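Participant: If you number the sequence shown the way my numbering does, the last residue is 934 and the count never jumps. Every residue, glycine too, gets a C-beta built ideally from N, C-alpha and C. Remember, predicted model here, so these are calculated numbers, not experimental data. Have a look at this one before I ask anything.
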Amino acid sequence: MKEKRYIVVDLETTGNQASRDDRIIQFAACFVESGKRLETYATFLNPERPIPAFIQELTGISPKDVKDAPLFEDVAPIIASLLEDTIFVAHNVSFDWTFLEREMNRAGISLGKMKKLDTVELARIMYPGIDSYKLQDLSDEFGLGHDKPHQADSDAEVTADLLLLLLQKLEELPLPVIRQMTTVSGSLKSYLPELLFDIEMKKERANQPLEPKFIEHRSLVIRKKSVERPSYNRSDLLDFPETDADKVALFQKAGAPLYTRTGQFEMMNLVFQAMKSGKHALIEAGTGIGKSLGYFLPAIYQAKQAKLPVVISTYTNLLQAQLFEKDVSLLTKLTGFEVRASLLKGRDHYLNLFKFEQLLEEVDTQYDVVVTKLKLLVWLTETTTGDIDEVNLSSGGELFWNRMKHTGWFLSEKHDPWLVHDFYKFNVEQAKNADLVIVNHALLLNDHFSGRETLPKYAFAVIDEAHHFADSARTQGSFVLSYRKLKYFLNQLGSLDKYSLLTRLSMAFPDADSLYDLDIAAMKLGEAVEEFFNLLKMQLNYARKNLQEVILVENSEKDAWDDAVYYAAEKVLLLLQESEKNMETLLAQGKAEEDELGVAESAFLEEMYAFLLDWKNIVNQLEQMLHKKSPILTIYLQADKKHSVSSIRLKAVLMEVEPTLGKEFFAKKESVIMTSATLTVNGKFDFLRKSLGLEEEQIIEKRIPSPFDYQKNARVMIPDDMPSIKDTPIERYTTELAKYIRHIAVKTNGRMLVLFTASEMLQKTYYHMKNEKSLEEYVLLAQGVSAGSAARLTKQFQMFDKAILLGTTSFWEGIDIPGEDLSCLIIVRLPFAPMDDPYTKAQIALRKERGENAFQTYSLPEAVLRFKQGFGRLIRRESDRGIVFIFDNRVDTTRFGKAFLDSIPNAPILKGKQAVLLEEVSEFFKEG
């Protein structure tokens, strides 16, 4: 077979509109053949028009570079000759091909049809878990040495290296996987289906056996996995190291780094004593204590001694993974015995292999569906958990995921040919055999209150990031009902005259009366949904033009609803209930005949059952809103600025969780340890304790201060010459703020995180800073303006020597930028929740009804805890040094401002005019 020759192309252009007057300013082509990157051809091109400033900034290509360069027409014949007998490859191939084809046509050369391969598409498939498929990000991920991003020659060479990496991984996949991928990929317009077929034929000839790490079952290949059983032998090792000397010995024996661990050792003792005495504990562990090991070590001794698992709960899936990956191996080293740990999530995080197998049989040509199937086929050769959080799904892939997520079993488990390999059962079994079960707050609460009992029986738990626990409980009792959600489920159900669940139901139950009743109910429901949401739109319009949130119902009483809206909602509810009843009837018929069902019919009924569970959830949510049932439930409307019907969401928020948590969760556990770096306000646990429904006499409370030397390594600066943030128009304030930040940036060489409480102020400040000539050498990154998630922006910020990062909500906590990468933190405004936020308004109203001072019991403590989280971004390691600027002068001019300053570590506070503070900044960094 003739060796394939790939031409990897990259273009830089004056803009992204090939159909308009944009032109190519640089062309590069790199050849790949026989598993090697060969020569590169590159040239600048004169576009005969100005290069926009943002393109110059992005690419580094100036008018000077292209002034004496050839015109495209001059090099078009050369490019045409390069393309002969090659496969055209690019990163986002449609962009480069469309541009090049148009330019070649303009030069009078027709390229004809070419085989095309997109490295974005192939990377998405071959590396299903990577966060970003941008070329720069992939280059960073694989260490491809991308020294000149957005210059065509460098981009082409990196893309060529990436192609080689992707082709190599593709060649290494087992033959049964390639067979499946060849079949699934048939509808793709790229060269990939042909490439897969060629690899399949080559592997058929080679006829190599499946590697031992894999299992082939029903034509799918998955990784082998086995449940790990705990060991409770070596009783001589099971004594908890109670003295500091015992702990030091453990660390030294394990070769683990031993810092100043007084606070950590104190925390270990507190946790172990609380568990042994059967008490709950609130432990505020300052930054640098090492709180995760502070509870992990006593927890493993407790688990081994009691021969029962201890549950460790944290706020997010990401934090779950970090705990699992970082601390478990260290525990094994420290203790000298084997630590069995399991990371467990809710059932619908896991892939149902039976459903996936059947979906592979469906011929669906939707691009996102095809790519998702291909991604999952590759992922199954890598995962032992089946946890979909390991996969980066597109929005279309997430919708498709609803059809294959795990929802339990409707039919007897014996009908599932994948039962022995089932991911959900495997993870639950792992948890039952674990010493430590690591979960998130959502699963812990859902498991406890729903009665599903996914978790093994446990009496001891640790709640990390405990300042989020009450909010997580509130979220469990809250829900969103949107126009898009209802339309999605109606579209999935469909009608009898098109391919849909109803069509497949008609094939399974051709003579069932309920089928036609369901079809009629679904049609009526579609009309009722339109009527209901149009009435909601009218209410939004009546409330105020462009208002995006408005309280609809302040309690669950019927008379709180507008009559027309209420009766329209009732109509929707009745039709939802009628449809639910008809689906239940059909499924009951299937259940009665389950012994005669084939594999495909069984899989379809399982999918229908999952659909019905989601449908029932919607019914329950609307019923809850209209008739019930939660004593304190606030409902509000959300929409975009235009109040388009498709954007309307009904959000129902549970306002009060304290009684439920206190009586139904904490009272039923022997010992629950709650910890975080931010649990106290003014040195007291009162706010958090009350929010969890706990009484003071029930628990041990302890603050363990940070071991870091804030007196030496930190300064807090409060400018007294900035205009008042409350009384100054936003345009003027952000202009002054941008100027001040510019002066600080010069002193600190950037390395600055600026925290805002509102996106509008962030954006205005960013654009003012963009126009500052003195900041031209700084990289400016802004949440909501610069592309990327908080994690991605943080990573970019750390890549540059002179960078300034502007962030809102998600940057106040959870990000970790140690060392010199972050030397200055700016808090623009004290983080009080906005008074026009419906949830905040409802919480304040609730407290006033109780006769409480809403500011003192809710608004202030919430803001102080948020402020402490923000402050904690600066000093992350013992050697870190930095300054904090607080621009909101209320921290110094109001009585409540003292609560903020008293709640942070004891660093020197300086107040003064700009010149004085900037001089102090210079002196501080000179000393360092």
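Output needed for Leu-542: all residues of its chain with C-beta closer than 7 angstroms, excluding positions within five of it in sequence on either side, in chain order.
Facilitator: Your numbering for residue 542 matches position 536 in the sequence shown. Correct list, in chain order: Val-571, Leu-643, Ile-654.
Participant: Is the CB-CB distance between Gln-32 and Ala-129 below 7 angstroms?
Facilitator: By 1-based counting over the sequence shown, the position of residue 32 is 26. By 1-based counting over the sequence shown, the position of residue 129 is 123. Their beta carbons are not under 7 angstroms apart, which means Gln-32 does not touch Ala-129 by this criterion.
Participant: Output the distance between the C-alpha atoms of Phe-610 and Ala-514, rounded to the nearest integer angstrom.
Facilitator: Taking the sequence shown and counting its residues from 1, one reaches residue 610 at position 604. Taking the sequence shown and counting its residues from 1, one reaches residue 514 at position 508. C-alpha separation (whole angstroms): 9 angstroms.
Participant: Per DSSP, which residues does Ala-658 bridge with? Please list them.
Facilitator: Position 652 of the sequence shown, counted from the first residue, corresponds to residue 658. Answer is Phe-485, Ile-641, bridged to Ala-658.
Participant: Between the C-alpha atoms of Lys-73 and Ala-86, what's the straight-line distance to the nearest angstrom?
Facilitator: Counting from one through the sequence shown, the residue named residue 73 turns up at place 67. Counting from one through the sequence shown, the residue named residue 86 turns up at place 80. Their Cα atoms are separated by approximately 24 angstroms.
Participant: For Leu-337, which residues of its own chain have a beta-carbon under 6 angstroms away from its beta-carbon, when the five flanking residues on both sides are left out?
Facilitator: Sequence index remark: in the sequence shown, residue 337 carries index 331 (1-based). Correct list, in chain order: Phe-302, Ile-306, Val-345.
Participant: From the DSSP output, in three-state form, read off Ser-506 for me.
Facilitator: Residue numbering aside, residue 506 sits at position 500 when the sequence shown is read from its first letter. Of the three classes helix, strand and coil, the one that applies to Ser-506 here is coil, per DSSP.
Participant: Could you tell me whether the stretch 569-586 touches the stretch 619-634, using the rule of 3 or more Cβ pairs below 8 angstroms?
Facilitator: Because the criterion of three Cβ pairs below 8 angstroms is met, the stretch 569-586 and the stretch 619-634 touch.
Participant: Quick one: measure Cβ to Cβ for Met-728 and Asn-895, integer angstroms, because I've assumed they're closer than 8 angstroms.
Facilitator: The count along the sequence shown starts at 1 and reaches residue 728 at position 722. The count along the sequence shown starts at 1 and reaches residue 895 at position 889. That belief holds up - the Cβ atoms of Met-728 and Asn-895 are roughly 7 angstroms apart, short of 8 angstroms.
Participant: Report, in whole angstroms, the separation of the C-beta atoms of Leu-831 and Val-890, which I expect to be a contact under 8 angstroms.
Facilitator: Taking the first residue of the sequence shown as 1, we reach residue 831 at position 825. Taking the first residue of the sequence shown as 1, we reach residue 890 at position 884. Indeed they touch by this definition, with Cβ atoms about 5 angstroms apart.
Participant: Quick one: using the 10 Å Cβ neighbour count with 16 as the cut-off for buried, is Val-227 buried or exposed?
Facilitator: Taking the sequence shown and counting its residues from 1, one reaches residue 227 at position 221. So Val-227 counts as buried.
Participant: Within 10 Å of its beta-carbon, does Tyr-522 have 16 or more other beta-carbons around it, so buried, or fewer, so exposed?
Facilitator: Position 516 of the sequence shown, counting from 1, holds the residue named residue 522. Exposed.
Participant: Taking Met-723 as part of the beta strand (DSSP E), name the residues at either end of that continuous run.
Facilitator: Position 717 of the sequence shown, counted from the start, is the residue given in the question as residue 723. Unbroken beta strand (DSSP E) run through Met-723: 720-725.
Participant: Where does Gly-21 fall in DSSP's three states?
Facilitator: Translated into the one-based positions of the sequence shown, residue 21 becomes position 15. Coil, per DSSP.
Participant: Excluding five sequence neighbours on each side, which residues of the same chain lie with their C-beta closer than 7 angstroms to the C-beta of Ser-730?
Facilitator: Here residue 730 refers to the residue found at position 724 when the sequence shown is read from its first residue. Cβ within range, chain order: Asn-895.
Participant: Please return the same chain residues whose Cβ sits closer than 7 angstroms to the Cβ of Ser-484, not counting the five positions on each side in sequence.
Facilitator: Here residue 484 corresponds to residue number 478 of the sequence shown, with the count starting at 1. Ala-658, Val-659, Leu-660.
Participant: Look up His-633 in the DSSP assignment and give the residues it is bridged to.
Facilitator: Stepping through the sequence shown from its first residue, residue 633 is reached at position 627. The partner list for His-633 (beta bridge, DSSP) is empty, contrary to what the question assumes.
Participant: How many whole angstroms separate the CB atoms of Thr-125 and Val-95, which I take to be in contact at a CB cut-off of 8 angstroms?
Facilitator: Locating residue 125 in the sequence shown gives position 119, counting from the first residue. Locating residue 95 in the sequence shown gives position 89, counting from the first residue. With 8 angstroms as the limit, Thr-125 and Val-95 qualify as a contact, their Cβ atoms being about 6 angstroms apart.
Participant: Run through the stretch 307-387 for me and flag every whole alpha helix (DSSP H) of 4 or more residues, listed as ranges in chain order.
Facilitator: For the stretch 307-387, whole alpha helix (DSSP H) runs of length 4 or above, ordered along the chain, are 323-341, 359-367, 373-385.
Participant: May I ask which residues mark the beginning and end of the alpha helix (DSSP H) holding Ile-84?
Facilitator: Here residue 84 is taken as the residue at index 78 of the sequence shown, counted from 1. Here the alpha helix (DSSP H) through Ile-84 covers 78-89.
Participant: Could you give the C-beta distance for Ala-291 and Thr-681, rounded to a whole number, given that I count them as a contact under 8 angstroms?
Facilitator: Walking along the sequence shown from the start, residue 291 turns up at place 285. Walking along the sequence shown from the start, residue 681 turns up at place 675. Right, the Cβ-Cβ distance comes to about 6 angstroms (below 8 angstroms), so this counts as a contact.
Participant: Going straight from the alpha carbon of Thr-754 to that of Ala-113, what length do you get?
Facilitator: Here residue 754 corresponds to residue number 748 of the sequence shown, with the count starting at 1. Here residue 113 corresponds to residue number 107 of the sequence shown, with the count starting at 1. Roughly 52 angstroms between the two C-alpha positions.
Participant: Could you pull out every residue in the same chain whose Cβ sits closer than 7 angstroms to the Cβ of Lys-231, ignoring the five residues on either side in sequence?
Facilitator: Residue mapping note: residue 231 aligns to position 225 of the sequence shown, counting from 1. Around Lys-231: Thr-390, Phe-432.
Participant: What does a CB cutoff of less than 8 angstroms around Asn-859 pick up in its chain, not counting 5 residues either side in sequence?
Facilitator: For the purposes of this step, residue 859 is identified with residue 853 of the sequence shown, where counting begins at 1. Contacts found: Arg-853.
Participant: For Lys-438, write down the residues that DSSP places opposite it in a beta bridge.
Facilitator: The residue given as residue 438 occupies position 432 in the sequence shown. DSSP lists no partner for Lys-438.
Participant: What residue does the beta strand (DSSP E) around Leu-34 start on, and which one ends it?
Facilitator: Indexing the sequence shown from 1 puts residue 34 at position 28. Residue identity check: residue 34 is Ala in the sequence provided, not Leu. Run containing Ala-34: 30-39, per the beta strand (DSSP E) assignment.
Participant: Which residues does DSSP list as the beta-bridge partners of Phe-891?
Facilitator: For the purposes of this step, residue 891 is identified with residue 885 of the sequence shown, where counting begins at 1. Per DSSP, Met-723, Ile-832.
Participant: Can you tell me where the beta strand (DSSP E) with Arg-853 in it begins and where it stops?
Facilitator: Mapped onto the sequence shown, residue 853 falls at position 847. From DSSP, Arg-853 is part of no beta strand (DSSP E) but of the alpha helix (DSSP H) over 844-855.
Participant: Output the distance between the C-alpha atoms of Ser-562 and Asp-568, rounded to the nearest integer angstrom.
Facilitator: Locating residue 562 in the sequence shown gives position 556, counting from the first residue. Locating residue 568 in the sequence shown gives position 562, counting from the first residue. For Ser-562, the predicted model reports a pLDDT of 47, less than 50, meaning its position is unreliable; a value from the coordinates is still stated below. Ser-562 and Asp-568: Cα-Cα distance of roughly 13 angstroms.
Participant: Hey, how far is the Cα of Leu-399 from the Cα of Asp-143?
Facilitator: On the sequence shown, position 393 is the one that residue 399 refers to. On the sequence shown, position 137 is the one that residue 143 refers to. Rounded to the nearest angstrom, the two C-alpha atoms are 17 angstroms apart.
Participant: Starting from Ile-184, follow the alpha helix (DSSP H) in both directions and report where the run begins and ends.
Facilitator: Stepping through the sequence shown from its first residue, residue 184 is reached at position 178. Where Ile-184 is concerned, the enclosing alpha helix (DSSP H) stretches over 181-190.
Participant: Taking all protein chains shown into account, do 16 or more other C-beta atoms lie within 10 angstroms of the C-beta of Asp-715, making it buried, or fewer, making it exposed?
Facilitator: Taking the sequence shown and counting its residues from 1, the one referred to as residue 715 is at position 709. Label assigned to Asp-715: exposed.
Participant: In three-state terms, what does DSSP make of Ala-291?
Facilitator: Walking along the sequence shown from the start, residue 291 turns up at place 285. Here Ala-291 sits in strand by DSSP.
Participant: Who are the near neighbours of Lys-351 in its chain, counting only those whose CB is closer than 8 angstroms to its CB and skipping five residues on each side?
Facilitator: Walking along the sequence shown from the start, residue 351 turns up at place 345. These residues qualify, in order along the chain: Asn-323, Gln-326, Asp-393, Asp-395, Asn-433, Val-445, Asn-446, Leu-449.
Participant: When the Cα of Val-397 is compared with those of Ala-851, Trp-385, Asp-692, which residue comes out closest?
Facilitator: Within the sequence shown, the letter at position 391 stands for residue 397. Among Ala-851, Trp-385, Asp-692, the Cα nearest to that of Val-397 is on Trp-385.
Participant: If you draw a straight line from the alpha carbon of Leu-883 to that of Gln-802, how long is it in whole angstroms?
Facilitator: Reading the sequence shown from its first residue, position 877 is the one you call residue 883. Reading the sequence shown from its first residue, position 796 is the one you call residue 802. According to the sequence as given, residue 883 is Arg; it is not Leu. When rounded, the distance between both Cα atoms is 20 angstroms.
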